[in-house]
Amino acid sequence: MQDRECPQCGNENHLVSPREAFNVYDTRSWRGETSLMDMDSTELVCAWCKSVRIGGNWTRMQSVDSRAAELAQNGTKTRSEYESKLTRGD
């Protein structure tokens with residue numbers, strides 16, 4: 000696995016620093032434990048699956064179920080298709 004790949008979803012295209020996340024994305028509308036992005040030890044944010052790397056360990060800010068429902072509501076795939084994509088790296 001590459002250093003710049005989210006192990007939760009396998010995504011390489013939406014990994015940013017917490018600072019970049021706040022500047023580029025509308026993080027105020029994000030659901031879940033977004034306060035995890037405010038920690039000094041937070042290294043990376045996966046803006047697609049809403050996971051963060053803190054001290055080398057990845058954790059989800061938003062549950063897979065909640066994120067899949069959000070994506071399905073705004074996207075073209077079903078909830079279960081998004082759940083599969085969100086857990087690709089697990």
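Under numbering that gives the first Met the number 0, the sequence shown has 23 at position 24, and the numbering climbs by one with no breaks. Ideal Cβ placement from N, Cα and C applies to all residues, glycine included.
In this structure, the CA atom of residue 4 is about 9 Å from the CA atom of residue 45. Rounded to whole angstroms, the separation of the alpha carbons of residue 58 and residue 84 is 16 Å. Rounded to whole angstroms, the separation of the alpha carbons of residue 43 and residue 16 is 5 Å.
Linking residue 36 to residue 82 through their CA atoms gives a straight-line distance of about 23 Å.
Distance check between residue 40 and each of 23, 51 and 80 places 51 closest, using alpha-carbon atoms only. C-alpha of residue 8 to C-alpha of residue 22: approximately 22 Å in a straight line. Here residue 26 has 20, 33 and 36 as same chain residues with Cβ atoms under 8 Å from its own Cβ, once five neighbours each way along the sequence are excluded. Taking all protein chains shown into account, residue 66 has 16 or more neighbouring C-beta atoms within 10 Å of its C-beta and is therefore buried.
Counting every other CB atom within 10 Å of its CB across the protein chains shown gives residue 76 a total below 16, marking it as exposed.
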